[in-house]
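J.:
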Amino acid sequence: MKQWQNFSKGFFKENAVFVMLLGMCPTLAVTNSAINGLGMGLATTFVLMMSNIVISLIKNLIPNKVRIPTFIVVIAAFVTVVDLVMAGYAPALHEQLGIFIPLIVVNCVVLGRAEAFASKNNVVSSFFDGLGMGLGFAMALTMLGAIREMLGNYSIFGWKFINHDGILVFILSPGAFIALGFLIAFVNKVTKKV
Amino acid sequence: MEYIIIIIGTVLVSNIVLANFLGICPFLGVSGKLATATGMSGAVLFVMTVASIVTWLIQQYVLNPFGLGFLQTISFILVIASLVQVVEIILKKVSPPLYQALGVFLPLITTNCAILGVALLIIQKDFNLLQGTVYAIGNSLGFALALILFAGLREHLELMDVPKGMRGMPIALVVAGILSLAFMGFANLVKI
Amino acid sequence: MAKTESTFLNMFLTLLIVTAVSSLAASAVYNLTKGPIAEVQRLKLQKAISQVMPGFTELKKVQMMPATGSDSLTFFEGLKDGQEIGVAVKTYTNLGYSGLIKLMVGFKPDGTITNIEVLEQKETPGLGTKMATPKFKDQFMGKNPATFKVEVKKDGGQVDAITAATISSRAFCDAVMRAYTTFEQLEKKQNNQEEGE
Numbered sequence: 001m002k003q004w005q006n007f008s009k010g011f012f013k014e015n016a017v018f019v020m021l022l023g024m025c026p027t028l029a030v031t032n033s034a035i036n037g038l039g040m041g042l043a044t045t046f047v048l049m050m051s052n053i054v055i056s057l058i059k060n061l062i063p064n065k066v067r068i069p070t071f072i073v074v075i076a077a078f079v080t081v082v083d084l085v086m087a088g089y090a091p092a093l094h095e096q097l098g099i100f101i102p103l104i105v106v107n108c109v110v111l112g113r114a115e116a117f118a119s120k121n122n123v124v125s126s127f128f129d130g131l132g133m134g135l136g137f138a139m140a141l142t143m144l145g146a147i148r149e150m151l152g153n154y155s156i157f158g159w160k161f162i163n164h165d166g167i168l169v170f171i172l173s174p175g176a177f178i179a180l181g182f183l184i185a186f187v188n189k190v191t192k193k194v
Numbered sequence: 001m002e003y004i005i006i007i008i009g010t011v012l013v014s015n016i017v018l019a020n021f022l023g024i025c026p027f028l029g030v031s032g033k034l035a036t037a038t039g040m041s042g043a044v045l046f047v048m049t050v051a052s053i054v055t056w057l058i059q060q061y062v063l064n065p066f067g068l069g070f071l072q073t074i075s076f077i078l079v080i081a082s083l084v085q086v087v088e089i090i091l092k093k094v095s096p097p098l099y100q101a102l103g104v105f106l107p108l109i110t111t112n113c114a115i116l117g118v119a120l121l122i123i124q125k126d127f128n129l130l131q132g133t134v135y136a137i138g139n140s141l142g143f144a145l146a147l148i149l150f151a152g153l154r155e156h157l158e159l160m161d162v163p164k165g166m167r168g169m170p171i172a173l174v175v176a177g178i179l180s181l182a183f184m185g186f187a188n189l190v191k192i
Numbered sequence: 001m002a003k004t005e006s007t008f009l010n011m012f013l014t015l016l017i018v019t020a021v022s023s024l025a026a027s028a029v030y031n032l033t034k035g036p037i038a039e040v041q042r043l044k045l046q047k048a049i050s051q052v053m054p055g056f057t058e059l060k061k062v063q064m065m066p067a068t069g070s071d072s073l074t075f076f077e078g079l080k081d082g083q084e085i086g087v088a089v090k091t092y093t094n095l096g097y098s099g100l101i102k103l104m105v106g107f108k109p110d111g112t113i114t115n116i117e118v119l120e121q122k123e124t125p126g127l128g129t130k131m132a133t134p135k136f137k138d139q140f141m142g143k144n145p146a147t148f149k150v151e152v153k154k155d156g157g158q159v160d161a162i163t164a165a166t167i168s169s170r171a172f173c174d175a176v177m178r179a180y181t182t183f184e185q186l187e188k189k190q191n192n193q194e195e196g197e
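Protein chains in written order, with my numbering: chain H, 1 to 194; chain L, 1 to 192; chain A, 1 to 197.
The structure is reproduced here in structure tokens:
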């Protein structure tokens, strides 16, 4: 039951994007299509899960003052792994996400969970926390990506439902901010009954 | 002339925050008050410039000659994290009031993706050291411009009668979108 | 287990060990993925060549410096039963909205464009990226740059630019023209050589 809570809180109650407003850079930058959002979300989920596991395992060995640098190095190692594996086995997606893959390192969600959860909890809880938070993040990115793709390109996951150019602004940077603003307002409405 | 173009290009044309989506966390997090926004911009200016120079040297003289390109992410982030620590220590000694104002945000600079992002972009764009330095300065000025403009707007936003559901972050994001739209007007001004 | 104290030695050792282990892990994965990554790159090039120049049985690789530009272009001359059927040119431009764009352009021996593939680009998604769609690049198919002016209509050429992405369209034309002019130079050079023999 407790593990279910650790897992499920990442989706709405403490969703990284909608509620905590963390990890905004990749959220805005790579969500010009649903598939990019999903790919970025899953890559982040993997890093988050693995770094949470490792950090909760070594938490007692790390002196307090070098805590943050140590966490970052661990995270950077997993990001490098994801980067290389994607380059080899998912080259098209790797090209699309570009510089934002190495930038998972500085995604505040990952360091935030390491600091706020994994450094205080056991391995099993940390694993479920990482998985839930990551999938919640992936869900948010996919939703935003889907909305922007539908409005901006009249397509969803690459399938075009109106054969015409979309409302271009939603694919460009201003659209990212505006779409996310309305999406957060909507999620607030649903979850908190504003 | 080349350097002026780089500066204009990074500040206005492809603004790091509004067009490249780097450094969004501090952009949204520290833009509540004009004073903190100014302080944060100063810290970023310093850290970004120094970090870009150091990471460039590491790439050129350590990673490239030994074929260690895959250690790029790990080594760059280590450099940035230690630099931030150094800045924190110096600031504490030299200017306690500024430290008081910025202390909370300094550790956050480590996870400011603008710093790592710019360091990586400089390598990707094949800049030489001087071009890279100018590029870093331009980008931090661009960051400062976006942050301070946005902080000014948000101070006004506080007094506005915003629909209940849109209050806080949602309306701030929409405003950021409009600001970004305004910056698109600079497109084609120069080419970098 | 007691928490390790923050003495200088402890801090130093912890960071050192963590960094060393991380670097080792990264290099292990690097060595594992090196093969597949190179393979992916090779396959991509191979696929692009056969897309723009179908039906070849033998390839001959030639490097040639273009008249303008900083880097040499790679020519893949396609032969079928000893007969030259065309050339696939790996070309580039730095004029893209986000800098470098790399294309593979296929020419028949007389200079007619057979097809174009986009190898690498970082253009604005949904705008400049449309250069890879048939709607844009198919207008080059079967055209000879000697008679078809490869420039966007705004600049007095015959190419329909992508909506709201004139810069990307211009850059695309630039890369194609760089390929074409260098291709002509190469042909001239080779013809001279044959006459000399």
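Even glycine gets a Cβ: it sits at the ideal position worked out from N, Cα and C.
(1) Mind checking if residue 100/A is an interface residue toward chain H, Cβ cutoff 9 Å exclusive?
(2) State the CB to CB distance for the pair residue 148/L and residue 162/L, rounded to an integer number of angstroms; the pair is presumed to be in contact (CB under 8 Å).
(3) Using 9 Å as the threshold, is the C-beta distance between residue 177/L and residue 175/H below it?
(4) Expressed to the nearest angstrom, what Euclidean distance is found between the alpha-carbon atoms of residue 192/L and residue 130/A?
(5) Which partner residues of residue 134/L appear in the DSSP bridge assignment?
(6) Determine the contact status of residue 189/H and residue 165/L, defining contact as a CB-CB distance below 9 Å.
(7) Assign residue 127/L to one of three DSSP states: helix, strand, or coil.
(8) Please tell me whether residue 131/L has its Cβ less than 9 Å away from any Cβ of chain H.
(9) Do the segment 162-175 of chain H and the segment 41-52 of chain H meet, that is, are 3 or more Cβ pairs less than 8 Å apart?
(10) Please identify, using Cβ separations under 8 Å, the residues of the segment 83-101 of chain H that lie next to chain L, in order along the chain.
(11) Could you list the residues in the segment 116-129 of chain A with a C-beta less than 8 Å from some C-beta on chain D, going in chain order?
(12) Between the alpha carbons of residue 139/H and residue 178/A, how many angstroms are there, rounded?
(13) Since residue 92/A meets chain L, which of its residues come closer than 7 Å, beta carbon to beta carbon?
(14) Apart from the five residues on each side of it in sequence, which residues of its chain come closer than 8 Å, Cβ to Cβ, to residue 10/L?
(15) Would the beta-carbon of residue 165/A fall within 9 Å of that of residue 123/A?
(16) Among all the DSSP beta bridges, which residues are the ones paired with residue 104/A?
(17) What in chain L is Cβ-close to residue 19/A, meaning under 8 Å?
(18) Would DSSP call residue 192/L helix, strand or coil?
(19) Does the Cβ-Cβ distance between residue 28/L and residue 72/L come in under 9 Å?
(20) Assess contact between the segment 171-185 of chain A and the segment 68-78 of chain A, defined as three or more Cβ pairs (one per stretch) separated by less than 8 Å. Is contact present?
(21) Along the chain, which unbroken stretches of the alpha helix (DSSP H) at least 4 residues long are found entirely within the segment 80-125 of chain H?
(22) Quick one: does residue 159/L have its CB under 9 Å from some CB of chain H?
(23) Rounding to the nearest angstrom, what Cα-Cα distance links residue 1/A and residue 62/H in this structure?
(24) Hey, how far is the Cα of residue 175/L from the Cα of residue 49/L?
(25) Since residue 70/L meets chain A, which of its residues come closer than 7 Å, beta carbon to beta carbon?
(26) Can a CB atom of chain A be found closer than 9 Å to the CB of residue 65/H?
(27) Based on DSSP bridge pairs, tell me the residues matched to residue 79/A.
(28) Tell me which same chain residues have a C-beta within less than 7 Å of the C-beta of residue 98/L, skipping the five on either side of it?
(29) Between which residues of its own chain and residue 118/A is the CB-CB distance below 7 Å, once the five residues before and five after are set aside?
(30) In chain order, what residues of the same chain lie with their CB nearer than 8 Å to the CB of residue 105/H, ignoring the 5 residues before and after it?
(31) Are the CB atoms of residue 111/H and residue 68/H nearer to each other than 9 Å?
(32) Is there at least one Cβ from chain A nearer than 9 Å to residue 92/L's Cβ?
(33) Mind pulling the chain L residues with CB within less than 7 Å of residue 22/A?
(34) Which one or two residues does DSSP pair with residue 63/A in a beta bridge?
(35) Among 58/A, 92/A, 52/A, whose alpha-carbon lies nearest the alpha-carbon of residue 65/A?
T.: With the structure as the only source:
(1) no
(2) Going by Cβ atoms, the distance from residue 148/L to residue 162/L rounds to 22 Å, so no, they are not a contact pair.
(3) yes
(4) Its pLDDT being 47, under 50, residue 192/L is placed unreliably by the model, and the measurement read from it follows with that caveat. C-alpha separation (whole angstroms): 21 Å.
(5) BP columns for residue 134/L are empty, so no partner.
(6) Their beta carbons are under 9 Å apart, which means residue 189/H touches residue 165/L by this criterion.
(7) coil
(8) Chain H, which has no Cβ nearer than 9 Å to the Cβ of residue 131/L, makes this no.
(9) no
(10) Within the segment 83-101 of chain H, the residues whose Cβ lies closer than 8 Å to any Cβ of chain L are, in chain order, 83, 84, 99.
(11) In the displayed structure, chain D is absent; the protein chains listed are H, L and A.
(12) Rounded to the nearest angstrom, the two C-alpha atoms are 44 Å apart.
(13) Those do not exist, as residue 92/A stays about 13 Å from chain L at its closest Cβ, beyond 7 Å.
(14) 16, 135, 138, 139, 141, 142, 192
(15) yes
(16) 90/A, 117/A
(17) 74, 78
(18) The pLDDT assigned to residue 192/L is 47, lower than 50, so where the model puts this residue is not dependable; a value taken from the coordinates is nonetheless given after this. If DSSP states are grouped into helix, strand and coil, residue 192/L belongs with coil.
(19) no
(20) yes
(21) 91-97, 108-113
(22) no
(23) The pLDDT assigned to residue 1/A is 44, lower than 50, so where the model puts this residue is not dependable; a value taken from the coordinates is nonetheless given after this. Taking the straight line joining both Cα atoms gives about 12 Å.
(24) 29 Å
(25) 26, 27, 30
(26) Output row for residue 65/H: interface = yes.
(27) Answer by DSSP bridge pairing, in chain order: 58/A, 84/A.
(28) 39, 91
(29) 103, 131, 132
(30) 72, 75, 76, 79
(31) yes
(32) no
(33) 74
(34) According to DSSP, residue 63/A bridges with 74/A.
(35) 92/A
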